[in-house]
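Participant: One structure is given below, represented as structure tokens, and several questions about it will come after.
As structure tokens, then:
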């Protein structure tokens, strides 16, 4: 059985199942009255994780050594692929991505077990047991439905099929891992929740333990989703970033519930309220992650993201049934102890705002869920409905706006109840900001090209349709005004905090400057102010989303020498060229052995001034000549993006069809992600106490951050290699040149984003070191 | 053991780099896989050993077996709530009467939890002090170091000093936030509560100050 790599691999997957089962049994024994077994359970969890790592390394070895006996390797790689893509094609297909999920889950398990150390001893056994059940499930999936080590019946091929060219880019390296990190991260809070319910330790102990894990998962869900948006925007060529595709929707569902949870948990930490609700939210979040992956893989709803059809759906249904049964059963069993002892005392209170916010977020989530599943649901009564983007866009506009309003209102209220005077004082500045923004927008918006009202046509007949139409037409203006409101609220919070600190310092006889006060304020209230920074990021994203209301789209056909006009731009089609072959092609383009590239060269002039060239292209990969890919060319700025796509190019006359889009404010979405990451990392950042933590820890965390940032920069530069695959003799200079050129083409978004991912990684390294300090400090 | 923990990953890394330079990326992956396999075997063996009861009880494990984590977390939650309350009052988000009511409630709860934790540890402290005095009587020349050890041993059962300092502020029997009477710390002269045992600024013991009271 162990004589060949594929058999060894399959054997290791069996071993994973056995190890998970062993650890599960030992953990349960430790929980049921033999506490010394906990150490055995912890080591068992580590060894299961190491086994999964071993399996992944085996599969990686199979990829880099071109072991085409394995069906999965033959299907997703070939001999011409570079090492980087060989390794990333590990998660390119169904089987490997399951193994990758298991790896991330093991990573989280090992991290959680290490983080727990000697704390939460009563909860630990059940946390470990729950995580082992999940790992065991994925091991069973791999064994019985999608074995990544399965061999082809026909034996080893001379060459593989290669990875889909659409997947051979920088985004494939970074988007699935980040999104999976977010998905998988929701397992740890669920494990704690189950442990708390089983052991009856329903006070805030488990809630506090779970906080940072949920926030971390939320961070990566946000990163993963927005990276997906960036990918769709840059690569697919239809001009947008979110198509309400079922898989996209499935990825954002847990984001909504996680966002709801990080708010409602704050209520439970202060008062014994909403305990059933929080348990429900965590179980729902975990359920949605499994449901999301089920939607992606089982193929019950048609989607561009779908993996191939297989019998895997049934296993997921059973597991989801198990999750539902366990969660509901435990909740019902512990309901008497979970029930609230407190209640919301006033509508003008932060508790009430948070509850409203929860309802809004869950309402949005439910809407997306039902609409996504509607084609399947409608089959029950014989219809076969399809649900497309217009439906989502019409409804999510108002729903998103409600969430946005609540986001601004909540910080203005105090806990328990807010006095009338306090409310008046709190609302003054933000309402003024709202009014000023609205007035300015009404007055100058049309002149700048961003009118307050954007007429829309009615999507539905009847009253609902007319109502939605009217609301939709006002949405751009209202959203921008609310952005002003929200920014004012956030700034006001910072100002009030700084003033309070300076006043307190004054009473002590000290003098604290505003900047020092600001730094110390954030340092001592990381969760609160990190949260406000996240809100700022959301505001930025809403600015970006609103921009689509002012999109300008044009389709046209041109011959070389012709010009067209769109927005402020004049676009002159200079001609097309085929690379390799054309003398105008760059050295890197000439050296490409993987594909033929057909560029259309367009000169761009803006308000009369020449601003450069764009080169939209079609790539024809030798491996798949029937499916040419569209390569978008963009000119980006904070203000707007010029987005050019070429359709058909006639080889003789060079006449080409084009799609041009001017997408205002899109870059604010990516900027918003950077701000969101900053805010979440601030919230996650643990206490640093100079006295107790030695200098060596600083060195380690600095090394972690430096390594993370360097890694992130490398990933950003790797986008340069996606256009070329060098001949073996090509020098490193070409690769470097391509990388540097790509850095200019994907500036802020790519590099900055990657840099912040690096910082997030670095903070993960350093946060592990601080647990001792955290354990001893009463602060956040 | 710690040497192995640091040396093994480094050795793996070096071996992987050497293998990669000499034979290519395939051997890097293979080296890492081999190291992973060794790790699996070692961890699994340790787990089975622990299961069979052959592993020793480490100090950390003993400590955490003895500590009552639920009440620790509850105490921390209450102290955190108190801190948040102070902040909200300073920015004017909560009315004075609500503040006083909540502060009183939280302080009473914190006091109860801290007392309960202290009671739980009191027996352990007694045992530790008995053992120490027994050992001290055997080794009189090391008395000076033993004193210092006694303090750290006693503190090892309790929280770190900064947590204790904030506990002491919650330990005051006076629920009102402003305590006009107080004692000055002998070391740094900062005003502390009447019943404080350690200074909330510098952490030194207030015992000397007690002796100086009439």
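Residue numbers (this note's numbering), protein chains in the order written: chain A, 1220 to 1999; chain B, 47 to 260. Beta carbons: idealized from backbone N, C-alpha and C, even for Gly. Predicted, not measured: the structure shown is a model, and the values here were computed from it.
Going along the chain, which residues of its own chain have a beta-carbon closer than 7 Å to the beta-carbon of residue 1509/A, five neighbours each way excluded?
Facilitator: Result list for residue 1509/A: 1535, 1538, 1539 and 1542, in chain order.
Participant: Ends of the alpha helix (DSSP H) at residue 1368/A?
Facilitator: Run containing residue 1368/A: none; DSSP gives neither H nor E here.
Participant: At which residues does the alpha helix (DSSP H) containing residue 1595/A begin and terminate?
Facilitator: Note, residue 1595/A: alpha helix (DSSP H), 1569-1597.
Participant: Of all Cβ atoms in chain B, is any one closer than 9 Å to the Cβ of residue 1730/A?
Facilitator: Not closer than 9 Å to any Cβ of chain B, the Cβ of residue 1730/A fails to qualify, so no.
Participant: Going along chain B in order, which residues have a C-beta closer than 7 Å to the C-beta of residue 1302/A?
Facilitator: Correct list: 71.
Participant: Does chain A have any CB closer than 9 Å to the CB of residue 144/B?
Facilitator: For residue 144/B, the answer is yes, since a Cβ of chain A falls inside 9 Å of its Cβ.
Participant: Taking the straight line between their C-alpha atoms, what separation do you get for residue 1424/A and residue 1323/A?
Facilitator: Each residue's Cα considered, the two are about 26 Å apart.
Participant: So, helix, strand or coil for residue 251/B, using DSSP?
Facilitator: Reduced to three states, the DSSP call for residue 251/B is strand.
Participant: Do the region 1549-1568 of chain A and the region 1632-1643 of chain A make contact, defined as three or more Cβ pairs closer than 8 Å?
Facilitator: They touch, by the three-pair rule.
Participant: For residue 1680/A, count the other beta carbons within 10 Å of its own beta carbon; 16 or more makes it buried, fewer makes it exposed. Which is it?
Facilitator: It is exposed - the Cβ of residue 1680/A has fewer than 16 other Cβ atoms within 10 Å.
Participant: Scan the region 1790-1829 of chain A and note each continuous beta strand (DSSP E) run of 3 residues or more that stays entirely inside, going in chain order.
Facilitator: Listed in chain order, they are 1814-1825.
Participant: According to DSSP, is residue 1289/A part of a helix, a strand, or is it coil?
Facilitator: Of the three classes helix, strand and coil, the one that applies to residue 1289/A here is strand, per DSSP.
Participant: Note down the Cα distance separating residue 1362/A from residue 1356/A, rounded to an integer number of angstroms.
Facilitator: Distance between the alpha carbons of residue 1362/A and residue 1356/A: 10 Å.
Participant: Using the beta-carbon of each residue, which ones in chain B are nearer than 9 Å to residue 2049/A?
Facilitator: As shown, chain A starts at 1220 and ends at 1999. That puts residue 2049/A outside it, with no answer to give.
Participant: What residue range is occupied by the uninterrupted alpha helix (DSSP H) comprising residue 55/B?
Facilitator: It spans 48-69 - the alpha helix (DSSP H) in which residue 55/B sits, taken as one unbroken run.
Participant: Can you tell me the Cα-Cα spacing of residue 1591/A and residue 1360/A, whole angstroms?
Facilitator: Going from the Cα of residue 1591/A to the Cα of residue 1360/A covers about 25 Å.
Participant: Pull the bridge partners of residue 1788/A from the DSSP assignment, please.
Facilitator: In DSSP, residue 1788/A forms a bridge with 1785/A and 1825/A.
Participant: Starting from residue 1744/A, follow its DSSP beta bridges and name the residues at the other end.
Facilitator: The partner list for residue 1744/A (beta bridge, DSSP) is empty, contrary to what the question assumes.
Participant: Taking all protein chains shown into account, decide if residue 1294/A is buried (16 or more other Cβ within 10 angstroms of its Cβ) or exposed.
Facilitator: By the neighbour-count rule (16 or more Cβ atoms within 10 Å), residue 1294/A is buried.
Participant: Just the chain B side, please: which residues come within less than 8 Å of residue 1280/A by C-beta, in chain order?
Facilitator: Per Cβ cutoff of 8 Å: 72, 75, 76 and 79.
Participant: Is the separation between the beta-carbon of residue 1766/A and that of residue 1893/A shorter than 9 Å?
Facilitator: Contact: no.
Participant: For a contact defined as C-beta to C-beta under 7 Å, what are the partners of residue 1273/A on chain B?
Facilitator: Here the neighbours are 79, 82, 83 and 86.
Participant: With a cut-off of 8 Å on the beta carbons, I'd call residue 1479/A and residue 1577/A a contact; round off their distance for me.
Facilitator: Confirmed, Cβ separation roughly 5 Å.
Participant: What did DSSP end up calling residue 140/B once you bin it into helix, strand or coil?
Facilitator: Here residue 140/B sits in coil by DSSP.
Participant: I need the boundaries of the alpha helix (DSSP H) containing residue 1314/A, first residue and last residue.
Facilitator: Looking at the DSSP string, the run of the alpha helix (DSSP H) that includes residue 1314/A is 1313-1335.
Participant: DSSP state of residue 1858/A, grouped into three classes?
Facilitator: Correct three-state label for residue 1858/A: coil.
Participant: Compare the C-beta of residue 1223/A with all C-beta atoms of chain B and state if any pair is closer than 9 Å.
Facilitator: No, residue 1223/A does not count as interfacial toward chain B.
Participant: Check the Cβ of residue 1310/A against every Cβ in chain B and list those closer than 7 Å, keeping chain order.
Facilitator: None at all; the shortest Cβ gap to chain B is about 16 Å.
Participant: If you run the structure through DSSP and keep just helix, strand and coil, what is residue 1853/A?
Facilitator: Looking at residue 1853/A - three-state DSSP - the assignment turns out to be strand.
Participant: Among 1264/A, 1255/A and 1273/A, whose alpha-carbon lies nearest the alpha-carbon of residue 1232/A?
Facilitator: The shortest Cα separation from residue 1232/A among 1264/A, 1255/A and 1273/A belongs to 1273/A.
Participant: Which residues of the region 47-69 of chain B have a Cβ closer than 7 Å to any Cβ of chain A? Give them in chain order.
Facilitator: The region 47-69 of chain B vs chain A, Cβ under 7 Å: nothing.
Participant: Taking 9 Å as the cut-off, decide whether the C-beta atoms of residue 1259/A and residue 93/B are in contact.
Facilitator: Cβ atoms of residue 1259/A and residue 93/B: closer than 9 Å.
Participant: Can you list, in chain order, the residues of its chain with a C-beta nearer than 7 Å to that of residue 1595/A? Leave out the 5 residues immediately preceding and following it.
Facilitator: Around residue 1595/A: 1519 and 1520.
Participant: Rounded C-beta distance between residue 1401/A and residue 1443/A? I'm assuming under 8 Å.
Facilitator: Yes, they are in contact, since the Cβ atoms of residue 1401/A and residue 1443/A sit about 5 Å apart, within 8 Å.
Participant: Counting only C-beta atoms, is residue 1744/A closer than 9 Å to chain B at any point?
Facilitator: By this cut-off, residue 1744/A is an interface position.
Participant: Excluding the 5 residues preceding and the 5 following residue 1762/A in the sequence, name in chain order all residues of the same chain whose CB lies nearer than 6 Å to its CB.
Facilitator: Cβ within range, chain order: 1702, 1884 and 1887.
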